[in-house]
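Going left to right, the sequence shown walks through residues 1 to 696 as UniProt numbering numbers them.
Heads up: the structure comes next, in structure tokens.
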Amino acid sequence: MLLARFESDRLATIILDSPVTTTVTGVVERREAVGDQRWRYVLNILETSGPKLKRAPERVALIVRGKTDPLQTGAVVRGRARLTPPSGPALPGLSDFSFPAYFDGIGATGFFYGSPEILGAREAIGVWQQAVQFAFALRSYVGDRIRQLNPGDEGAFAAAIVTDERRAISPTVVEALRSSGLAHIVAISGLNMALAAGIFFVGLRTVLVMLPGVSARLPVKKVSAFGALLMVTAYYCISGFGVSAERAYIMMAILLIAILFNRPSLSMHNIALAALVIIVLHPSSVMGASFQMSFAATAALLACYRIWADRAHESDQALVSGISFRSLLSGVSRVLGGTLMTSLIGGLATAVFSIAHFNQLTAYGLAANLATMPIISLIVMPSGLIGMLLMPFGLDQPFFMIMSLGLKLVIAVALEVASWGGNIETGRAASWLLPVATAGLIIFSLLRTRLRWFGLVILVASVCVNGLMEPSRPDLVIAEDGRMVALLSGTSASVTTERPSEFVFKQWKNALGLEELVMPAVTRVDVGKREAAPESNGPVTGTVSGKTPRHALTSKEIALIDRALAIDQLPPLQMPRFSCVKNLICIGRSPSGARVTIVSDTRLTGYACDKSDIVVVSGSPFTQCRSGALLLTGSKLKQTGSIEIWFNGQPHPGSWMLESALQGNERPWQLHRLYDWRTNTFQQLDDDPIRRLRVQ
1 MLLARFESDR LATIILDSPV TTTVTGVVER REAVGDQRWR YVLNILETSG
51 PKLKRAPERV ALIVRGKTDP LQTGAVVRGR ARLTPPSGPA LPGLSDFSFP
101 AYFDGIGATG FFYGSPEILG AREAIGVWQQ AVQFAFALRS YVGDRIRQLN
151 PGDEGAFAAA IVTDERRAIS PTVVEALRSS GLAHIVAISG LNMALAAGIF
201 FVGLRTVLVM LPGVSARLPV KKVSAFGALL MVTAYYCISG FGVSAERAYI
251 MMAILLIAIL FNRPSLSMHN IALAALVIIV LHPSSVMGAS FQMSFAATAA
301 LLACYRIWAD RAHESDQALV SGISFRSLLS GVSRVLGGTL MTSLIGGLAT
351 AVFSIAHFNQ LTAYGLAANL ATMPIISLIV MPSGLIGMLL MPFGLDQPFF
401 MIMSLGLKLV IAVALEVASW GGNIETGRAA SWLLPVATAG LIIFSLLRTR
451 LRWFGLVILV ASVCVNGLME PSRPDLVIAE DGRMVALLSG TSASVTTERP
501 SEFVFKQWKN ALGLEELVMP AVTRVDVGKR EAAPESNGPV TGTVSGKTPR
551 HALTSKEIAL IDRALAIDQL PPLQMPRFSC VKNLICIGRS PSGARVTIVS
601 DTRLTGYACD KSDIVVVSGS PFTQCRSGAL LLTGSKLKQT GSIEIWFNGQ
651 PHPGSWMLES ALQGNERPWQ LHRLYDWRTN TFQQLDDDPI RRLRVQ
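Shown next, in the form of structure tokens:
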């Protein structure tokens with residue numbers, strides 16, 4: 001806890017409180033290709049204007065959407081940009097994207113309007129900053145070089161493996177890699193770092209042994225390990241210093257250093273030491289799926305390797321020495337069996353974390369990994385390593401072409417396997433699954449007696465019990481921005497928009513086990529845009545500081561909206577569906593009879609309060625409804641995040657239950673939700689109606 005607190009206080013990342021369009025002036029820290037001559041830049045902000053942000057983020061990630069020449073690292077630029085804070089959890093219990101953004105130091109993301117203006121070069125900086133700037137510039141050069149030699153997804157894939165620049169790969173290929181269970185190849189993680197280190201270590205050791213007299217004068221194994229350590233250090237330096245690359249580097253460095261000190265490299269002690277170093281440096285990474293899956297797979301593989309090695313040693317005592325067809329066949333079968341078991345064990349060890357973090361499993365990941373691992377190990381990584389070694393001499397092109405040909409085969413496998421059916425949606429995992437399954441995995445990995453099988457029983461049983469449990473589905477789901485709402489009935493979701501956010505709905509679908517999407521019935525009504533006060537018998541009943549707000553709609557216009565919505569003909573349906581007037585309002589009714597209204601035009605907030613049990617409006621000045629309806633405004637949702645509501649068969653709030661994604665905002669990566677730019681203060685929302693309904 002002390003390490004986590006120290007890391008949070010040390011970073012103190014300022015996250016933008018709400019979306020804004022402003023002019024930013026900043027220094028290009030790094031860039032990454034996101035397509036054909038399109039770039040994503042990380043800027044260190046120097047100034048904002050028009051408006052000047054009172055609480056401006058220090059670092060932002062911005063995309064230049066048009067085809068432009070890349071900006072150089074260290075350049076000072078200025079441009080009009082749209083900034084957006086990172087999104088919160090799509091549902092309670094799901095990933096909060098503010099968390100990784102905070103610890104990555106990114107306070108906002110967005111895009112430039114047009115091309116930014118180049119103001120000049122950065123002023124004098126320190127030696128360390130110069131070294132970091134050089135590393136990012138070298139990374140950009142290497143990535144550009146690989147993509148120029150091999151245009152298309154193959155070149156972008158190759159650049160991603162070498163420099164961790166992944167955004168240039170087309171969305172189709174990225175989705176295929178995810179669906180087929182091959183997405184781990186793209187990131188610079190333990191697999192890529194281990195292959196690079198292993199190939200370099202074996203290659204250098206072979207060369208040194210072949211040189212006359214060298215093996216007699218030098219400790220070849222240690223020299224090779226030291227050379228591999230230098231190589232993985234260089235690999236890490238051009239990777240962009242990502243968390244997954246740093247974790248893989250630390251693990252490989254410890255394993256190689258163990259060789260230098262005549263210690264076993266593959267041991268649980270070294271794995272534990274690597275985990276401890278990472279926890280000390282980056283305590284926040286422990287909460288991420290990447291850290292958990294990486295060490296789970298490594299520990300499980302090492303434990304199984306230890307079991308396999310013990311049995312192989314026993315069986316080797318009975319083998320006859322000498323080379324024979326039988327021994328060759330045995331060797332081939334061991335290689336194939338090892339590849340199969342490595343993929344199987346790694347997949348099973350990480351399955352529980354995939355369920356807990358992503359609410360899904362890859363259906364045919366084993367087949368895809370079996371087909372691609374020989375390509376990655378024998379073609380892609382060796383040719384990429386040789387290409388990097390020869391790049392300073394201009395002799396890298398043929399090797400990167402071979403690398404791209406191998407990756408073309410990998411992409412073909414990914415597309416084929418993805419076409420078979422993709423992912424298995426497991427639904428939102430129970431809160432106990434991750435700690436219980438992790439305890440089972442630790443027991444299996446660490447113990448060397450027969451008691452280790454008890455850990456395996458715990459792991460398998462926890463996954464099976466979780467799979468047999470029906471996903472807990474609420475009756476109503478509200479996104480954190482209030483623009484997307486869904487009434488649920490069984491595995492069907494009735495939404496309020498004709499174009500629901502694919503990013504948000506996919507998370508809802510995986511977590512809640514949804515199968516059918518019901519679109520709203522949309523009509524149009526022409527209403528005036530006057531700002532006159534309403535008639536005395538108008539429908540407005542909300543208050544702002546005790547005053548009746550002004551309203552621009554007449555009773556006649558309200559009647560038109562009533563008829564368009566068919567509000568009096570909305571019975572409680574087993575299959576609810578929203579009835580909407582485009583750009584104005586949506587009303588739906590749950591099977592229990594609860595009426596839910598989403599207001600797009602704030603002039604209809606009072607009308608919605610009269611007609612509904614729940615009103616969701618993103619920009620209303622109202623604080624509550626006089627009618628007693630639950631009013632969820634944009635300011636409330638900003639602080640609570642997404643919301644789930646269970647009606648419990650009742651049409652009115654008396655026995656409802658509510659759960660919000662953000663129960664409290666005291667965490668550093670959530671403080672921006674309490675900030676009010678109008679008063680330049682942090683405020684606590686008066687959420688009494690929400691607190692009364694909140695699940696305890």
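Ideal placement from N, C-alpha and C gives every residue a C-beta, glycine not left out.
Cβ-Cβ distance between residue i and residue j below 8 Å
i	j	result
residue 195	residue 184	no
residue 677	residue 87	no
residue 249	residue 193	yes
residue 63	residue 42	no
residue 150	residue 501	no
residue 474	residue 488	yes
Residue(s) in a DSSP beta bridge with residue i
i	result
residue 61	42, 109
residue 83	20, 110
residue 35	38
residue 243	DSSP lists no partner for residue 243.
residue 597	587, 615
residue 384	Bridge partners of residue 384: none, in fact.
residue 150	Residue 150 pairs with nothing; no bridge assigned.
residue 698	This structure cannot settle anything about residue 698, because the visible part of the chain is limited to 1 through 696.
residue 518	494
residue 254	DSSP output for residue 254 lists no bridge partner at all.
residue 377	Its beta-bridge partners do not exist; DSSP assigns none.
residue 397	Partner(s): none; residue 397 has no beta bridge.
residue 485	478
Where residue i sits in the DSSP three-state scheme
i	result
residue 681	strand
residue 584	coil
residue 364	coil
residue 715	Nothing can be reported for residue 715: it is not among the residues displayed for the chain, which extend from 1 to 696.
residue 493	strand
residue 25	strand
residue 547	Any reading at residue 547 must be qualified, since the residue scores a pLDDT of 42, below 50, and its modelled position is unreliable; the value itself is stated next. Note: residue 547 maps to strand in three-state DSSP.
residue 631	strand
residue 306	helix
residue 90	coil
residue 124	coil
residue 423	strand
residue 14	coil
residue 68	coil
residue 416	helix
residue 477	strand
residue 76	strand
residue 452	helix
residue 285	helix
residue 438	helix
residue 662	coil
Nearest-angstrom Cα separation, counted from residue j out to residue i
i	j	result
residue 298	residue 154	28 Å
residue 16	residue 670	10 Å
residue 377	residue 457	33 Å
residue 258	residue 282	23 Å
residue 553	residue 614	21 Å
residue 4	residue 295	19 Å
residue 260	residue 225	7 Å
residue 307	residue 346	15 Å
residue 610	residue 513	34 Å
residue 593	residue 563	20 Å
residue 2	residue 668	15 Å
residue 9	residue 285	16 Å
residue 145	residue 75	21 Å
residue 618	residue 556	25 Å
residue 117	residue 80	10 Å
residue 110	residue 60	8 Å
residue 392	residue 161	19 Å
residue 729	residue 424	Here the chain has residues from 1 to 696 only, and residue 729 is not among them.
residue 495	residue 374	45 Å
Near the ligand HEM: residue i beta-carbon under 7 Å from a heavy atom
i	result
residue 379	No copy of the ligand HEM occurs in the structure displayed, which carries no ligand at all.
- Item | Touch test, the segment 242–252 against the segment 274–292, Cβ-Cβ under 8 Å, three pairs minimum | yes
- Task: Evaluate contact between the segment 45–52 and the segment 20–29, counting only Cβ atoms and requiring at least three cross-stretch pairs below 8 Å.
- Result: yes
- Message: Using a Cβ distance threshold of 8 Å, determine whether the segment 143–157 contacts the segment 169–186, with at least three qualifying pairs required.
- Response: yes
- Message: I want to know whether the segment 390–403 touches the segment 427–441 - three or more CB-CB distances under 8 Å.
- Response: no
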